[in-house]
Amino acid sequence: MVIAEASEGHPEAAARRLEALQGIAELLIDEEVIAFAERLITEGGIPEVAKADALHVSVAAVHNVDYLLTWNCRHIDNATRKPIIRAICVSAGYSYPEICTPMELLTEDSNDVL
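Set out below in structure tokens:
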């Protein structure tokens with residue numbers, strides 16, 4: 000899903016995004032991931048209209064990913080939704096990925112500017 004999303008938009012920008020993803024492992028979307036994404040929706044963590052967002056969170060939780068970086072502050076990195084998502088992850092026996100924007104993960108002394 001990430002590769003498909005990164006491929007969209009302006010061709011030069013898409014090429015830069017795809018280059019940045021080189022060497023990052025692709026994680027499997029299997030029945031467990033799909034079932035947990037559905038649970039995130041049915042239990043109110045993510046709205047029904049945002050199934051792809053639920054899959055992103057589910058992949059990260061099921062595969063025990065430490066950080067889920069996103070620019071999606073409507074459905075994923077949302078202060079009112081994150082506690083609900085966290086509770087659903089914990090009640091299902093999954094670790095909760097730290098959800099944040101890339102800017103939040105930069106170190107204080109970083110000279111990188113996005």
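61 is the number that numbering that gives the first Met the number 0 gives to position 62 of the sequence shown; each next residue is one higher, with no gaps.
Positions of the beta carbon are idealized from the N, C-alpha and C atoms, including for glycine.
The distance from the Cβ of A53 to that of L39 is about 5 angstroms, consistent with a contact at the 8 angstroms cut-off.
Close CB contacts of A14 within its chain, under the 6 angstroms cut and outside five residues either way in sequence, are absent.
Remark: C-beta atoms of D65 and E97 approach each other more closely than 8 angstroms. Of the residues assessed, H55 falls on the buried side of the cut-off, its CB having 16 or more other CB atoms within 10 angstroms. Taking 8 angstroms as the cut-off, the Cβ atoms of I84 and G22 do not count as close.
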